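Notes follow once the structure below has been shown.
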Amino acid sequence: MSEFKTVRGMRDFLPEEAKTMRYIENTTRKVAELYGFKEIITPVVESYELLAAKSGEEVRSRMFAFKDLGDRQIALRPEFTASVARLVATTLRNEPRPFRLFSVGSVYRYDEPQKGRYREFWQSNYELMGSNRAEADAEILMLTNSLMEKAGLKSYAFKVGHVGVLRSMFKQEKLNEKAQNQAMQLMDKKLYDDAFNVIREAGASTQCLDGLNQLVKLRGTEIVDVVAKMKECVKDYEQSINAVENLSEILNLVSQCGCKINIIVDAGFARGLEYYTGMIFEVFVPDLDIALGGGGRYDRLIELFGGESTPAVGVAHGIDRIMLALQEQKVKSAKGPERRVVVIPINEKLRVEALKFACMLREAGVSTEVEVMGRKMAKALEDADKRGMDFALIVGEKELKEGAVVIKDLKEREQNTVQIEKILEAIKIQ
Ligand code: HAM
């Protein structure tokens, strides 16, 4: 039989990596709690129709979609937002607003595997539903900032834009929805010339093309300045001006509340997902050319799923990519247990005693392994040493008769006979 490998784009996480992943996951849960988001667990498999509606061509074409044995067209979730919107449109429809809902888990996209791009990856997802106000958008930006900070990232920045600026121009120009979506997808990939061609062919005026051409070049960290220039570019498009004002209001709230966020306003910024209607953003680290998280406002998805009209804003973070960034920035994030002890019986007859001591130590919260290979003392100690254990608790007949054990400090290379009731003390003090 040929050697089995993981399926392309799928990975195993060995203990060190798994520890870091879980550490980041725990941090995402702490942030959820801090911001009042309640965790929900939704299925990995959803109907294809639900996931495909408004996800955008990019995500749609990369879904793991198939028929189940009951002939249902289903897919592995490529994100959480559709599932959360489904819940709010159905089961939660009569619950009081706003909703603050958090999820964390694996998602699947048939992306081309490369550094930071996998086919199975983990997201932490936060949706704030029921408010159309700028403070809701500001909360999502601040929450993302808190997560990056708490995960231990040293340098990162936010790129922020507003799809309403471009969409409103396109709408006033009466461009059809398909051309609009296509242009946004191309702009997401920074293929601006192709995007211009699409909207030109769809009948956009020279004024629109000129405005757009200026917008895509407009970005910077001087928020007031960039916003003023954006307004100038869209001065003939009333709804676009409102969108710029909304963006400005959100960014003012964030900066005025004293939250130190490194923001670059990018007027031509677009995101692949089609459901966005307002502010959009991504967070990235300068040395990695990939987004660690992204989100934005989507005010119409829940009614599209048959629910009450519910404005919403949210974000998803790529846990794998946060881990990658932590590694690149050489941040040591996950701490192991404080002390690790191995219990070694000097002979077979003392196995039960060894297991009893292990139980006692674990009861006291000490990470404990039992020698399970039946090795001679010297070999077992050598192995414990190699694996960086802190103490060996050696169970011997002679000591047991005197109500004691031998404790060997593997770091300090000391050995003492310790009365059983003093074991915990010895391990903590030594
Ligand atoms: P997204 O930008 O498609 O947004 O994905 C969010 C994050 O998932 C990305 O910023 C990135 O860190 C990570 N990610 C995406 N693709 C991959 C991949 N192939 N491998 C590893 N990581 C990846 C969403 O999913 C929206 N649902 C966010 C949202 C929530 N908007 C509103 N609410």
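Residue numbering for the sequence shown follows the working numbering, starting at 1 and increasing by one per position.
Virtual Cβ for every residue (Gly too), placed ideally from N, Cα, C.
Given the structure is predicted, the values throughout are model-derived calculations rather than measurements.
- Considering only Y35, R362 and A358, the residue with the shortest C-alpha distance to V372 is A358.
- Distance from R362 to D137 at the Cβ level is roughly 47 angstroms; contact not present, criterion being Cβ atoms closer than 8 angstroms.
- Contact between L141 and F281 holds, with the beta-carbon distance rounding to 6 angstroms and staying under 8 angstroms.
- DSSP places K401 in the uninterrupted alpha helix (DSSP H) bounded by E397 to K401.
- Rounded to the nearest angstrom, the gap between the Cα atoms of N246 and P337 is 47 angstroms.
- Between the alpha carbons of R8 and E112 lies a distance of about 9 angstroms.
- At a cut-off of 7 angstroms, the beta-carbon of N416 does not count as near ligand 1: no heavy atom of the ligand is closer than that.
- In the DSSP annotation of this structure, I41 is not part of any beta strand (DSSP E), being labelled neither H nor E.
- Runs of the alpha helix (DSSP H) spanning 4 or more residues and lying entirely within the segment 284-333 occur at 301-304 and 319-328, in chain order.
- Of all C-beta pairs linking the segment 79-99 to the segment 321-337, fewer than three are shorter than 8 angstroms, placing the two stretches out of contact.
- T417 carries a strand assignment under DSSP once its states are collapsed to helix, strand and coil.
- Residue side-chain check: T20 keeps its Cβ at 7 angstroms or more from all non-hydrogen atoms of ligand 1.
- Collapsing the DSSP output to three states places P78 in coil.
- The Cβ-Cβ distance between S155 and P286 falls below 8 angstroms.
- Counted as a single uninterrupted DSSP element, the alpha helix (DSSP H) harbouring D137 occupies residues A134 to A151.
- Looking at the DSSP output, T368 bridges to V341.
- Counting only the Cα atoms, K54 lies some 12 angstroms from P78.
- Of the residues Q239, E414 and V406, the one whose Cα lies closest to the Cα of I420 is V406.
- With a cutoff of 7 angstroms, Q123 counts as near ligand 1, since its C-beta is closer than that to a heavy atom of the ligand.
- Taken through DSSP and simplified to helix, strand or coil, S55 comes out as coil.
- Contiguous alpha helix (DSSP H) elements confined to the segment 196-277 occur at 206-215, 223-233 and 238-256, taking only those with 4 or more residues.
- In the three-state reduction of the DSSP assignment, F281 falls in the strand class, which pools E and B.
- Under the 8 angstroms Cβ criterion, the segment 210-222 counts as touching the segment 180-197, having at least three qualifying pairs.
- Distance from the C-beta of E79 to the nearest heavy atom of ligand 1 is below 7 angstroms.
- Of the candidates R109, Y126, L424 and G116, the residue whose Cα lies closest to the Cα of G36 is Y126.
- The residues D12, in chain order, have a CB closer than 7 angstroms to that of T6 in the same chain once the five nearest residues on each side in sequence are set aside.
- With respect to the 8 angstroms criterion, V341 and M389 are classified as neighbours on the basis of their beta carbons.
- Around the beta carbon of V224, fewer than 16 other beta carbons lie within 10 angstroms, which makes this residue exposed.
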